Structure formats: C-alpha cells, structure tokens
Amino acid sequence: MPNLILMPDPKEREPSSSSTVPELQRIPLAMDLALHATPAVSLIIDFLAFETKYSRKVSRYGATILAVLAGGSYAYWTEHCAAFNGTFPYPFLTYNPFHIRVVIYAGVTGLALASFWILNALHA
Numbered sequence: 001m002p003n004l005i006l007m008p009d010p011k012e013r014e015p016s017s018s019s020t021v022p023e024l025q026r027i028p029l030a031m032d033l034a035l036h037a038t039p040a041v042s043l044i045i046d047f048l049a050f051e052t053k054y055s056r057k058v059s060r061y062g063a064t065i066l067a068v069l070a071g072g073s074y075a076y077w078t079e080h081c082a083a084f085n086g087t088f089p090y091p092f093l094t095y096n097p098f099h100i101r102v103v104i105y106a107g108v109t110g111l112a113l114a115s116f117w118i119l120n121a122l123h124a
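First residue of the sequence shown? That's 1 in the UniProt record's numbering, and the numbers climb one at a time after it.
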C-alpha cells in the first residue's frame, strides 16, 4: 500500500513526448521509522508496563465510545482544515472522494479499537 501515500514528483508535468517517468518521492527509512514505529513501540511499552488492565465493561463500551469520538473528531477536523487549505495531510485522502474518506476514517478507527482490545487482552 505504499503507493497510496507516496507523492508524485512535483517536477512532473502533464504528459509530454518524453518516455521517462520520474520516480515517486520516498522519505528515508530511518525517518519513516522515527515518525511511525518509534512512537508506536513506545506507546505499547508504556501501556504494558505502566497501565493496569481494563475491565471487560470499560474495554468494550468505554473504549468504543472513546474511539468513535476520537475518530469522528479527527475526521471532522481533517475535513475542516482541508476545506480551508485545499489539500489533506495525506495524499491518499486528497485523491479519494468523500465517501471513500469516510470508509478510511471508519476503518482506521476500527483498527485502533481492535488494537486496544488485543493489547488489553494480552496485558497481564
């Protein structure tokens, strides 16, 4: 799925007679890991080391409500800022119509909730 988040080269223009197509821009792996893997690993360690396991009721209902509120707030704010700025923070959001973005927001919210449930179940 990296093709969903990689921006085309800004120097690329409309189709011409040239047969060479520029490569997609990629950030260095170390930067990508610093932006995504390091915070994720840190939060997992923090949760497992310092947080108590949540009860079934809190995990099922409280986490669901919190995930839906957080996901909905993120979706609202992202759409609001994109309407003001004319672009989204991620290219795959910019290039998809609204109904697909809603599916993306819902899918990510569900993934976050499922991740919490799995980590809470693995917690001692």
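Don't be surprised by glycine CBs; every beta carbon is placed ideally from N, CA and C.
Nothing here was measured: the structure is a model prediction, and the numbers come from that model.
Taking each of 87, 80, 43 in turn and checking the Cα distance to residue 120, the smallest one comes out for 43.
Within the region 21-47, the alpha helix (DSSP H) runs of at least 4 residues that lie entirely inside it are, in chain order, 29-35. With a cut-off of 8 Å on Cβ pairs, the region 101-121 is in contact with the region 68-77, counting three or more such pairs. Rounded to the nearest angstrom, the gap between the Cα atoms of residue 116 and residue 63 is 8 Å.
If you look at residue 79, you'll find it in the alpha helix (DSSP H) that goes 63-85.
If you check the CB distance, residue 87 and residue 78 do not come in under 7 Å.
Here the C-alpha atom of residue 82 lies approximately 10 Å from the C-alpha atom of residue 76. Under a 10 Å Cβ-count criterion, residue 33 is classified as exposed, with fewer than 16 other Cβ atoms of the shown protein chains found around its own Cβ. In this structure residue 123 is not in contact with residue 66, their Cβ atoms being roughly 17 Å apart against a cut-off of 8 Å.
If you look at residue 99, you'll find it in the alpha helix (DSSP H) that goes 98-122. Secondary structure of residue 57 (DSSP, three-state): helix. Pairing residue 89 with residue 45, the inter-Cα distance amounts to about 28 Å.
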